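Participant: The structure follows.
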Amino acid sequence: MSNLPTDPMILLSYINTKLRDEYESLNAMCEDLQLDEEAITSKLSTIDYHYDSNLNRFM
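Here it is in structure tokens:
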């Protein structure tokens, strides 16, 4: 997660904005930006947010 925000709340906002504005899924975003999907989901789970593929956002 090299260039991503390290604070989980800021990361949440960043990821959800990217998903809303630019990508159809978390997987598509991670592939395009070469991000570690598991690292993102793990980091956001520490603040009790989990990816909802139907809504394409962390909730």
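Per this note's numbering, the very first residue in the sequence shown carries number 294; after that it's consecutive. Each residue gets a CB set at the ideal place from its N, CA and C atoms; glycine is no exception. Since this is a predicted model, take the numbers as computed values, not measurements.
So what does arginine 350 bridge to, in DSSP terms?
Facilitator: Numbered from 1 along the sequence shown, position 57 holds the residue referred to as residue 350. DSSP, once it has assigned bridges, lists Asp345 as partnering arginine 350.
Participant: Specify the secondary structure class of proline 301 as computed by DSSP and reduced to three states.
Facilitator: Taking the first residue of the sequence shown as position 1, residue 301 is located at position 8. The answer is helix: DSSP assigns proline 301 an H, G or I state.
Participant: State the DSSP-derived secondary structure class of aspartate 314, mapped to helix, strand or coil.
Facilitator: One-based indexing of the sequence shown puts residue 314 at position 21. Note: aspartate 314 maps to helix in three-state DSSP.
Participant: Please classify isoleucine 340 as buried or exposed, where buried requires at least 16 neighbouring CB atoms within 10 angstroms.
Facilitator: The residue given as residue 340 occupies position 47 in the sequence shown. So isoleucine 340 counts as exposed.
Participant: Take the Cβ of isoleucine 303 as the centre, count every other Cβ of all protein chains shown within 10 Å, and call the residue buried at 16 or more, exposed below.
Facilitator: Working through the sequence shown from its first residue, we reach residue 303 at position 10. With fewer than 16 Cβ atoms within 10 Å of its Cβ, isoleucine 303 is classed as exposed.
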